[in-house]
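For reference, the structure discussed in these notes is given below.
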Amino acid sequence: MVAPLTRNVLTAATRQALRRPPLALATRTLPASLPSASSSSSLSRTFATTTHTAHGGITRPAPGTGVTIHFVDPKGEPLKTVTANPGDDLLSIAHEYDIDLEGACEGSIACSTCHVILEPDVYDSLEEPCDDENDMLDLAFGLTDTSRLGCQVKVTKEQDGMKVQLPAATRNMYVDGHKAGHH
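Each residue of the sequence shown is one higher than the one before, counting from 1 in UniProt numbering.
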């Protein structure tokens, strides 16, 4: 005979744990030695006053300002020329301008889908990649001596006019073919 799907398979210990009142620790009173907000003028709380932009989003620079970036396809043919603010990363810039740079992990250095190929002088101007980035680059399709993860490359004024080449393919380890976009 097959057991019904609704059969209770909880152990006695699990049942006992589930009967405990939730948030038992939250009901304890604080020691009398702690200052209250009304008894101390030295306690204060600050709040941020900056405007929040969308998660992972960037703002486009004003016309005539910013860093010019030329995105090219794997054969070196122009895809799109864009402008960005210094400090923006290549993955966010690509997403802002609808350039097909994947970024499946959304910039957390957990994949190689935002792999880009840079010109030697631009590559040399960057800090060395961290160990996590190097580990992910080892998984990148079409790795070159000037490959970097786009999420880790922050543009600078000195890189104005740089060319960023997209690889011929990427390795997306997501089973469902997840492809992140900008928020």
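Glycine is no exception: its CB is placed at the ideal position from the N, C-alpha and C atoms.
8 Å Cβ cutoff met for residue i and residue j
{"i": "residue 160", "j": "residue 67", "result": "yes"}
{"i": "residue 118", "j": "residue 146", "result": "yes"}
{"i": "residue 102", "j": "residue 114", "result": "yes"}
The alpha helix (DSSP H) enclosing residue i, as first and last residue numbers
{"i": "residue 93", "result": "90 to 96"}
{"i": "residue 100", "result": "First-last for residue 100: undefined, no H or E at that position."}
{"i": "residue 137", "result": "131 to 137"}
Segment limits, beta strand (DSSP E) that includes residue i
{"i": "residue 82", "result": "78 to 84"}
{"i": "residue 118", "result": "115 to 118"}
{"i": "residue 71", "result": "67 to 72"}
{"i": "residue 165", "result": "162 to 165"}
Neighbour flag for residue i against chain D, beta carbons, 8 Å
{"i": "residue 115", "result": "Looking at the structure shown, chain D is missing, and only one protein chain is on hand."}
Through-space distance from residue j to residue i, alpha-carbon basis
{"i": "residue 138", "j": "residue 63", "result": "38 Å"}
{"i": "residue 100", "j": "residue 94", "result": "7 Å"}
{"i": "residue 155", "j": "residue 96", "result": "14 Å"}
{"i": "residue 80", "j": "residue 152", "result": "20 Å"}
{"i": "residue 128", "j": "residue 112", "result": "17 Å"}
{"i": "residue 136", "j": "residue 61", "result": "31 Å"}
{"i": "residue 90", "j": "residue 58", "result": "11 Å"}
{"i": "residue 70", "j": "residue 84", "result": "11 Å"}
{"i": "residue 162", "j": "residue 131", "result": "25 Å"}
{"i": "residue 76", "j": "residue 108", "result": "28 Å"}
{"i": "residue 105", "j": "residue 172", "result": "10 Å"}
{"i": "residue 78", "j": "residue 72", "result": "4 Å"}
{"i": "residue 248", "j": "residue 120", "result": "Since the first and last residues shown for the chain are 1 and 183, residue 248 lies out of range."}
{"i": "residue 143", "j": "residue 92", "result": "21 Å"}
{"i": "residue 65", "j": "residue 148", "result": "25 Å"}
{"i": "residue 82", "j": "residue 164", "result": "11 Å"}
{"i": "residue 98", "j": "residue 88", "result": "15 Å"}
Under the three-state DSSP convention, the category residue i falls into
{"i": "residue 149", "result": "strand"}
{"i": "residue 154", "result": "strand"}
{"i": "residue 53", "result": "Per-residue confidence for residue 53 stands at a pLDDT of 39, beneath the threshold of 50, marking its modelled position as unreliable; the derived number appears in the next sentence. Coil at residue 53, not helix or strand."}
{"i": "residue 108", "result": "coil"}
{"i": "residue 172", "result": "coil"}
Cβ-Cβ separation, residue j to residue i (assumed contact under 8 Å), whole Å
{"i": "residue 150", "j": "residue 122", "result": "No, residue 150 and residue 122 are not in contact; Cβ-Cβ is about 12 Å, not under 8 Å."}
{"i": "residue 169", "j": "residue 141", "result": "5 Å"}
{"i": "residue 157", "j": "residue 86", "result": "5 Å"}
Residue i Cβ short of 7 Å to the ligand FAD heavy atom set
{"i": "residue 169", "result": "No copy of the ligand FAD appears in this structure; indeed no ligand is present at all."}
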